[in-house]
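Enquirer: The structure that follows is given in the form of structure tokens.
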Amino acid sequence: MSKLNNKVAVVTGASKGIGAAIAKSLAAEGASVIVNYASSQSGADKVVAAITAAGGKAVAVKADVSVAAEAKGLIDAAIENFGQLDILVNNSGIYEFSPLEEITEEHFHKQFNVNVLGLLLTTQAASKHLNEGASIINIGSLSSRLTPTNTSVYSGTKGAVDAITGVLSRELGARNIRVNTINPGPVETEGTADFIESDFMKEFIAQTPLGRIGQPGDIGSLAVFLASNDSAWLSGEQLLAGGGMR
Ligand SMILES: NC(=O)c1ccc[n+]([C@@H]2O[C@H](COP(=O)([O-])OP(=O)(O)OC[C@H]3O[C@@H](n4cnc5c(N)ncnc54)[C@H](OP(=O)(O)O)[C@@H]3O)[C@@H](O)[C@H]2O)c1
Numbered sequence: 412m413s414k415l416n417n418k419v420a421v422v423t424g425a426s427k428g429i430g431a432a433i434a435k436s437l438a439a440e441g442a443s444v445i446v447n448y449a450s451s452q453s454g455a456d457k458v459v460a461a462i463t464a465a466g467g468k469a470v471a472v473k474a475d476v477s478v479a480a481e482a483k484g485l486i487d488a489a490i491e492n493f494g495q496l497d498i499l500v501n502n503s504g505i506y507e508f509s510p511l512e513e514i515t516e517e518h519f520h521k522q523f524n525v526n527v528l529g530l531l532l533t534t535q536a537a538s539k540h541l542n543e544g545a546s547i548i549n550i551g552s553l554s555s556r557l558t559p560t561n562t563s564v565y566s567g568t569k570g571a572v573d574a575i576t577g578v579l580s581r582e583l584g585a586r587n588i589r590v591n592t593i594n595p596g597p598v599e600t601e602g603t604a605d606f607i608e609s610d611f612m613k614e615f616i617a618q619t620p621l622g623r624i625g626q627p628g629d630i631g632s633l634a635v636f637l638a639s640n641d642s643a644w645l646s647g648e649q650l651l652a653g654g655g656m657r
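Residue 412 is where the sequence shown starts when you use the numbering used here, and the numbers rise one by one after that.
This is how it looks when you write it as structure tokens:
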């Protein structure tokens with residue numbers, strides 16, 4: 412039996428990469444999915460087409476999660492299209508790396524606005540609609556604990572995601588809403604394509620016990636686990652998803 416029948420999910424940043432894989436994985440288990448994008452409409456349309464071709468239900472919705480009205484509109488789209496909301500995956504994220512001396516206000520605000528403020532805005536809007544048994548899944552990063560050089564701002568955003576996951580698991584726990592984080596190691600996506608062959612990545616892979624880079628589907632299956640009742644006793648948890656790297 413499918414694990415997410417009759418559930419409705421919003422996946423932010425689902426036009427490509429990890430978010431696209433999560434949207435497809437949730438839909439394959441029966442969830443109806445809102446496929447959010449900020450600029451890549453064609454990517455989001457392809458994800459929706461793949462889901463519907465496989466017999467699932469999905470709708471693409473444009474929204475910049477760092478703008479409160481748009482984050483609210485994204486959540487409202489789930490109610491308008493599917494009548495309820497059970498699963499929120501906060502995946503939208505920007506990663507840019509910079510040594511300390513080159514950090515600018517723009518570099519800081521760009522990443523914190525999407526990776527942290529955006530997550531809070533969508534969760535705030537979703538909270539009003541989520542019922543008992545709902546699941547919120549935040550996509551953090553192993554970088555919050557590995558703290559690689561030149562990632563002060565990015566790793567800072569993901570440290571904030573870890574902390575917010577713990578806080579919100581307490582605030583929402585009384586309503587039996589679970590909040591967990593998946594913290595991936597390097598994953599091959601459109602976003603990492605430019606530096607997949609870099610020494611930085613090779614070093615990561617060399618340190619990975621399972622000896623390869625992650626694939627988006629590796630994270631999709633973990634999202635299904637955290638969305639489903641299989642993880643009913645997990646909240647405030649950080650799943651380290653890096654092939655054994657920690
Ligand atoms: N790939 C990795 O190695 C890795 C490792 C650890 C953690 N992560 C985390 O996993 C998540 C996804 O990473 P990825 O590699 O799949 O990224 P990606 O391929 O660069 O895709 C990023 C997604 O975020 C969306 N996005 C960007 N700004 C947005 C905004 N303001 N509002 C809504 N959506 C926005 C993009 O939408 P548009 O394309 O429509 O603009 C896109 O769908 C991020 O949170 C990242 O930090 C990734």
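Ideal Cβ positions, reconstructed from N, Cα and C, are used throughout, including at glycine.
Note that the coordinates shown come from a computational prediction; the quantities given were computed from them, not determined experimentally.
To the nearest angstrom, report how far apart Ala604 and Ala438 are at their CA atoms.
Expert: Near 26 Å, if we compare the C-alpha coordinates of Ala438 and Ala604.
Enquirer: Using the C-alpha atoms, what's the distance from Ala545 back to Ala416?
Expert: The sequence shown places Asn at residue 416, rather than the Ala named in the question. Using only the alpha carbons, I get a separation of about 13 Å.
Enquirer: Ile445 and Ala480 - do their beta-carbons sit closer together than 8 Å?
Expert: No, the pair does not count as a contact, with Cβ atoms beyond the cut-off.
Enquirer: Alpha carbon to alpha carbon, what distance is there between Glu507 and Gly494?
Expert: Approximately 37 Å, taken between the alpha carbons.
Enquirer: Measure the beta-carbon distance from Asn502 to Gly430 and round it to whole angstroms, keeping in mind my assumption that it falls under 8 Å.
Expert: With a Cβ gap of about 4 Å, Asn502 and Gly430 count as contacting.
Enquirer: Tell me the rounded alpha-carbon separation between Met612 and Gln649.
Expert: Whole-angstrom Cα-Cα distance: 23 Å.
Enquirer: Do you know how far the Cα of Ser552 is from the Cα of Leu531?
Expert: The alpha-carbon atoms of Leu531 and Ser552 are separated by roughly 17 Å.
Enquirer: Given Gly631, which residues of its chain have a CB within under 7 Å of its CB, disregarding the five upstream and five downstream residues?
Expert: Closer than 7 Å at Cβ, skipping near neighbours: Ala432, Ile433, Lys435, Ser436.
Enquirer: Between which residues of its own chain and Gly616 is the CB-CB distance below 8 Å, once the five residues before and five after are set aside?
Expert: The sequence given here places Ile at residue 616; Gly does not occur at that position. For Ile616, where only same-chain residues beyond five positions count, the Cβ hits under 8 Å are Pro597, Gly622, Arg623, Ile624.
Enquirer: Taking the C-alpha atoms as reference points, what is the distance between Val472 and Val572?
Expert: One C-alpha to the other measures close to 24 Å.
Enquirer: Does the distance from the CB of Gly654 to the CB of Thr600 come in under 8 Å?
Expert: The answer is no: Cβ separation not under 8 Å.
Enquirer: In whole angstroms, give me the CA-to-CA distance for Ser646 and Ser580.
Expert: Each residue's Cα considered, the two are about 6 Å apart.
Enquirer: Note the first and the last residue of the continuous beta strand (DSSP E) segment covering Lys473.
Expert: Looking at the DSSP string, the run of the beta strand (DSSP E) that includes Lys473 is 469 to 473.
Enquirer: Please name the residue in Ile607, Asp475, Leu633 whose C-alpha comes closest to that of Ile550.
Expert: Cα-wise, what sits closest to Ile550 is Leu633.
Enquirer: Beta-carbon separation of Gly454 and Lys427 under 8 Å?
Expert: Cβ distance < 8 Å, so Gly454 and Lys427 count as in contact.
Enquirer: If we ignore side chains and look at the alpha-carbon of each, how far apart do Ser443 and Met412 end up?
Expert: About 16 Å.
Enquirer: Jot down the residue ranges of each uninterrupted alpha helix (DSSP H) in the stretch 463 to 536, minimum 4 residues, whole runs only, in chain order.
Expert: For the stretch 463 to 536, whole alpha helix (DSSP H) runs of length 4 or above, ordered along the chain, are 479 to 493, 516 to 523.
Enquirer: By alpha-carbon positions, which one of Val470, Ile514, Ser509, Thr562 ends up nearest to Tyr448?
Expert: Among Val470, Ile514, Ser509, Thr562, the Cα nearest to that of Tyr448 belongs to Val470.
Enquirer: Would you say the beta carbon of Ile433 comes nearer than 7 Å to a heavy atom of ligand 1?
Expert: Because no heavy atom of ligand 1 lies under 7 Å away, the Cβ of Ile433 does not count as near it: no.
Enquirer: Quick check on the burial criterion: 16 or more other C-beta atoms within 10 angstroms. Buried or exposed for Lys418?
Expert: That one is buried.
Enquirer: Let me check you understand the geometry: is the CB of Ser509 closer than 7 Å to at least one non-hydrogen atom of ligand 1?
Expert: No, the beta carbon of Ser509 sits no closer than 7 Å to any heavy atom of ligand 1.
Enquirer: Using beta-carbon positions only, say whether Ala482 and Ala536 come within less than 8 Å of one another.
Expert: Yes, Cβ-Cβ distance for Ala482 and Ala536 is below 8 Å.
Enquirer: At a threshold of 7 Å, does Val476 count as lining ligand 1 (C-beta to nearest heavy atom)?
Expert: Indeed, a heavy atom of ligand 1 lies less than 7 Å from the Cβ.
Enquirer: Across which residues does DSSP place Gln649 in a beta bridge pair?
Expert: In the DSSP output, where bridge partners are listed per residue, Gln649 has Thr592.
Enquirer: Taking the Cβ atom as the reference point for each residue, do Asn594 and Leu637 lie within a distance shorter than 8 Å?
Expert: Not in contact: Asn594 and Leu637 (Cβ atoms no closer than 8 Å).
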